[in-house]
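Comments concern the structure below.
Protein chains: 2
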Amino acid sequence: MPVYKAPVEDTLFLLNDVFNIERYNNLPGFADATPDVVEAVLAEGAKVCEEILQPLNHSGDQEGCTRNADGSVTTPKGFKAAYEAYAGAGWIGLAMDPEYGGQGLPYTLGAVMNEFASSANMAFAMYPGLTMGAIAALYVHGSDEQKRTYLPKMIEGEWSGTMNLTEPHCGTDLGLIKTKAVPNGDGSYAINGTKIFISAGEQDITRNIIHLVLARIEGAPAGVKGISLFVVPRNTIGEDGSVGENNRVSCGSIEHKMGIHGNSTCVMNYDGAKGWLIGTENKGLNAMFVMMNEARLGVAIQGLAQSEVAYQNAVVYARDRIQGRALTGATSPDKAADPIIVHPDVRRTLMSIKAFNEAARAFVIWNAIKSDISHRSSDAAERQAADDQLGLMTPVLKGVLTDIGFDNAVKAQQMFGGHGYIAETGVEQFVRDARIAMIYEGANGVQAMDLVGRKLGRDGGRAIMAFFNEVAGFLKDNAEDEGLKPLLGPLQLSLGHLQQATMWFMNNALAKPDNAGAGATDYMHLLGLVSLGYMWAKMAKVAQDKLKAGANGATERMNTKLVTARFFMERSLPETAAHLARITAGADSTMALSAEQF
Amino acid sequence: MPVYKAPVEDTLFLLNDVFNIERYNNLPGFADATPDVVEAVLAEGAKVCEEILQPLNHSGDQEGCTRNADGSVTTPKGFKAAYEAYAGAGWIGLAMDPEYGGQGLPYTLGAVMNEFASSANMAFAMYPGLTMGAIAALYVHGSDEQKRTYLPKMIEGEWSGTMNLTEPHCGTDLGLIKTKAVPNGDGSYAINGTKIFISAGEQDITRNIIHLVLARIEGAPAGVKGISLFVVPRNTIGEDGSVGENNRVSCGSIEHKMGIHGNSTCVMNYDGAKGWLIGTENKGLNAMFVMMNEARLGVAIQGLAQSEVAYQNAVVYARDRIQGRALTGATSPDKAADPIIVHPDVRRTLMSIKAFNEAARAFVIWNAIKSDISHRSSDAAERQAADDQLGLMTPVLKGVLTDIGFDNAVKAQQMFGGHGYIAETGVEQFVRDARIAMIYEGANGVQAMDLVGRKLGRDGGRAIMAFFNEVAGFLKDNAEDEGLKPLLGPLQLSLGHLQQATMWFMNNALAKPDNAGAGATDYMHLLGLVSLGYMWAKMAKVAQDKLKAGANGATERMNTKLVTARFFMERSLPETAAHLARITAGADSTMALSAEQF
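Protein sequences appear in the order of chains H and V.
For the record, in the first sequence the residue sitting at position 106 is 106 according to the UniProt record's numbering, with numbers rising by one throughout.
For the record, in the second sequence the residue sitting at position 357 is 357 according to the UniProt record's numbering, with numbers rising by one throughout.
Laid out in structure tokens, this is it:
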């Protein structure tokens, strides 16, 4: 059976040593997050994930969800109790406003917990995850009355939340939405339409489900400028908060999917359901984007999470499975063969996953802290700088961490040979589950276009210039450090590739936007690799400093960091040159054929 | 529902124009394969695959195979009739010796048909595919009596064949095999043991199943030097060829797998089953390798086949699905949105799959012709050269075509957005089916080790030197061709990377074999990319010549070839530099950690 152990120690290294979150204790909520509290929160979160969520992962995949004849949906055994335990322990409200029952701790800790939960049981973690996204949208754009009505119940776990965007004919292009909202005259709207691919759309876990639904108010302008966001509870809610009859919202069917079987993916029918406008008429996309940006970071974390759990299982197998002999002579002469972890190609595979996971975790935490700053800092310039980085990096996090996370799940599966292809070992589930993260919340090609077409040039390229300055500054500050030199040389080279690619877009994409489109995915990965390389540079510096200072019992861990940093620079960064070459090849051969010539 | 159309026209271009198979009409069987015959065979093969096999692919996946209480296995509806039609039309015997009922046509045509069948229905194609592998091993190593007993029935489709290597504790390392063979005194052996992951091990399709089984004769030397190959029919066979009672061979269970659900993957129990030695005692691996080399080329073809069918479906979807507008202005202003094939990132994805598929098909055919030459030529030097190339390229074909084939199935799935993740559209099946090809018949890491550790240095590097000379010769011969220059420049550069990598191994891997192991997978892909690039250079030259000569109605097709060639050189070949960088980084950071530090 699959195993999972939350990487608490590595996370504490990042929070305390690399990013030193104590220095943000002027921000609301951070003062409460003392090192002791953080360690206790992570330890408790690890326990929940390892002991409650992970044991339901394989069984949840095998059982899946069932839609019953009456339209109700049965989730896998144990999910309801797990949700109650999870919400009951305060995990949904961890970073939420105490006014509505939250704990007000940094969002950064929520992001860490999201990683642990998604590694332990991704399909399960989507139920609280979507609820948290809906809470965030209501918190920012909802009226005071809406917040009072919905947030406390959602935070305590009695009600859940969903997001309803996609329709059969429209996913990425939300301007095509047809779902209609007609004013009822009492401040509410009658919602009519069909939504598809609604994760957690119906379930038997919570007493009520609060759907956030994009729809078009009768007579609204065409396209994205005529879309509004509505809150549509599955069951009516009385003045006293009691839950009443069904609000003409029903699950028409559930999808049979490649993975995340434990999460119900529903076709939702709105047949005159009563909904209330969130925020301003026709500004629904703005409100939805609050939810979507948070959701995109959440999906990025899923990519890392599946890579991490797949890696852990591959390591256990590689240490245990004996097959063949080491090239340099038997390491276990007393056994019939050596464990396969002696083989260089097995190690190469495991090292490449490990080197990604640790850098990706740093990348997530670095940006999660920016999210906290952007929401909580009282310094406008600091908020803006954090917001710039988050805007730039959100598509990179989502696109790169899910692309590589999936690849890593496949690589980890490969370590099992034929045993990795059968359901019993559980590793093929990680591949199937990880696959969705590249698709939903904006397919990765869309992330790349968001990055190159929108985020890169925004405010005169302020965000990317700030990133260049930060990395170049780090390289300059540490240029004389002999220990870091072998690591910083490759990073300098890759940063140069990124700068050349950026310059190439400036010179070639304005007049010919296809040049940006044809290079967008490569640019996203190029920026991702430089970011991960920068994370390794920062981690290596701290590891080296700790070793010099005596390491305090962490000598082996810090040495491991330095080896892994070197592996990343030697083995992952060379890819940046290939990305640059593809970008500067331009769009001609990509665009030359007619649709019929394919 | 998924679609499939066999690429007959593209295959004829390769057979006739690029590889000019008519010039081999001095080889047995080739004289019969006139252009008319080849075209008729391909057209007929396409029809069988499109009309009989493909319609059973999705349903076969959904139904899967079931083991019944009595140990029998039920395959999906329609598979038995399809097998009878397939064998009845002579496809199993296409390239087999007419003495045993085959048609004696070139193996190359069999390889082509294997692609079509594997695209149409990979799980189904494994039933005849394994039978053909077993036929090949019996043909080369079996006694005359064995050949007379088994081959005609297997060729006509009345009996099928399997290969039984893997045991619970041993896959790659066949030296660990425990299955025992004890002489019965009458020339037969009693076989006892358990084999796992036996594809098509039990089924309700054929009247008998001829198992080829690796086992250890009592008292044989330890390790791979004590392994023998046995033929073990599931049911006893009378003097007159009639099929009798069960031969103490049974299916203990079937595996629940990620994909290829239509093929039964069995645990096979041999409880004193009667078997007969094939070839020489303790030389079982030699006999098995005949089967395995052919099987590896067959698996390579599966990688291409899944890439091709996934591509075809993605193209249909991308032409049809409307979403968003072209960056350069609406192409379908009368519709609510443009088809997604206008988006550069969608085209980039489709072009990269297309550029791979066409080159991979050429690479397969080029090597299949070498296989024909190695078996059928009367010229010893020609046979040896062909054999050298096949030995070198078999692991490259298997490793690279299945790695990239799987990636391409994933990429094609991505084009469907959320619709690609649900079973209904059929595209996620291609991903799940393609995944096994990277694992079985020697996991791809094992292929890389076979290439670098065994094939590269064999006979003083004769095979790789011949390849270098051939590609360099082509580049030199066409150096002055202005039309080809933009294509040959990148190929020249990538050939240089391959030569440098080869040199680096010579200088660094002899004293330190881990340097070879840590670079093996990168080297395999580097050689694969240069090979595919060489295929594109050859195809582009022919396309250009045909255009100059008037193209005979094929102008658009030949122009498409030239654009696709350019795309490959610009977008796929840049990867060779990254492979070289990783190889020359050496094994230090890969091997530095202890097993516990992972």
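Cβ coordinates follow ideal geometry from the N, Cα and C atoms, glycine included.
All of these numbers come straight from a predicted model, not from anything done at the bench.
Per DSSP, histidine 211 (chain H) is one residue of the beta strand (DSSP E) stretching across 208-217. The criterion of a C-beta distance shorter than 8 Å is not satisfied by glycine 241 (chain V) and asparagine 235 (chain V).
Contact between alanine 577 (chain H) and methionine 524 (chain H) does not hold, since the beta-carbon distance rounds to 16 Å and is not under 8 Å. The beta carbons of leucine 285 (chain H) and valine 231 (chain H) sit no closer together than 8 Å.
Bounds of any beta strand (DSSP E) do not take in threonine 108 (chain H); it lies within the alpha helix (DSSP H) bounded by 107-141. Note that the C-beta distance between lysine 546 (chain V) and aspartate 61 (chain V) is not below 8 Å. Counted as a single uninterrupted DSSP element, the stretch harbouring alanine 409 (chain H) is not any beta strand (DSSP E) but the alpha helix (DSSP H) occupying residues 380-414. Cβ-Cβ distances below 6 Å link glycine 102 (chain V) to Gly93, Met96, Ile155 in the same chain, with the five nearest sequence neighbours on each side left out; the list follows chain order.
Interface criterion met: the Cβ of glutamate 575 (chain H) is under 8 Å from a Cβ in chain V. CA-to-CA, the gap between proline 76 (chain V) and valine 431 (chain V) works out to about 20 Å.
Shown here, serine 264 (chain V) sits in coil according to DSSP, grouped into three states, outside any helix or strand. Nearest to threonine 584 (chain V) by alpha-carbon distance, out of V:Ala423, V:His375, V:Lys512, is V:Lys512.
With a threshold of 16 other beta carbon atoms within 10 Å, glutamate 596 (chain V) falls short and is exposed.
Close partners of leucine 327 (chain V) in chain H (Cβ separation under 7 Å): Pro513, Asp514, Gly517. Straight-line measurement puts the Cα of alanine 385 (chain H) at about 18 Å from the Cα of leucine 397 (chain H).
Contact with chain V is found for aspartate 345 (chain H), since one of that chain's Cβ atoms lies less than 8 Å from the residue's Cβ. Tyrosine 270 (chain H) and alanine 134 (chain V) have their C-alpha atoms roughly 58 Å apart.
For a Cβ distance threshold of 8 Å, residue set Gln323, Gly324, Gly417 of chain H lies close to threonine 172 (chain V), ordered along the chain. Against chain H, the beta carbon of proline 339 (chain V) has neighbours under 9 Å at Ala595, listed in chain order.
Neighbours of threonine 206 (chain V) across chain H, judged by C-beta separation under 7 Å, do not exist; the nearest C-beta is about 24 Å away. Chain-order list of chain V residues neighbouring lysine 354 (chain H): Phe598, by C-beta distance under 8 Å. Cβ-Cβ separation between serine 332 (chain H) and isoleucine 341 (chain H): approximately 11 Å, too far for a contact (criterion under 8 Å). By DSSP's assignment, aspartate 271 (chain V) forms a beta bridge with V:Asn192.
Chain H places a beta carbon closer than 8 Å to that of glycine 445 (chain V), counting this residue as a contact. Contact annotation: the stretch 368-378 of chain V does not touch the stretch 448-466 of chain V, with fewer than three C-beta pairs closer than 8 Å. Interface with chain V (8 Å Cβ-Cβ cutoff): histidine 256 (chain H) is included.
Comparing C-alpha distances from lysine 80 (chain V) to each of V:Glu441, V:Leu56, V:Asp32 shows the shortest one belongs to V:Leu56. Within the DSSP bridge table, the entry for phenylalanine 230 (chain V) names V:Val213, V:Leu277 as partners. Of all residues in the stretch 431-455 of chain H, only Val431, Arg432, Arg435, Ile436, Met438, Ile439, Tyr440, Ala443, Asn444, Gly445, Val446, Ala448, Met449, Gly453 come within less than 9 Å of chain V when Cβ atoms are compared, listed by chain position. Residues of the stretch 404-415 of chain H with a C-beta atom less than 9 Å from some C-beta of chain V are Phe406, Asp407, Val410, Gln413, Gln414, Met415, listed in chain order.
The three-state secondary structure of arginine 67 (chain H), taken from DSSP, is strand. Alanine 520 (chain V) reaches chain H at Asp345, counting residues in chain order whose Cβ is nearer than 7 Å.
Residue-level contact check: valine 41 (chain V) does not touch chain H, since none of the beta carbons of chain H fall below 8 Å from its beta carbon. Judged by their CB atoms, leucine 297 (chain V) and alanine 111 (chain V) are nearer to each other than the 8 Å cut-off.
Under the three-state reduction of DSSP, valine 342 (chain V) is assigned to helix. Nearest in C-alpha terms to arginine 325 (chain V), of all of V:Ala337, V:Asn164, V:Ala69, V:Thr560, is V:Ala337.
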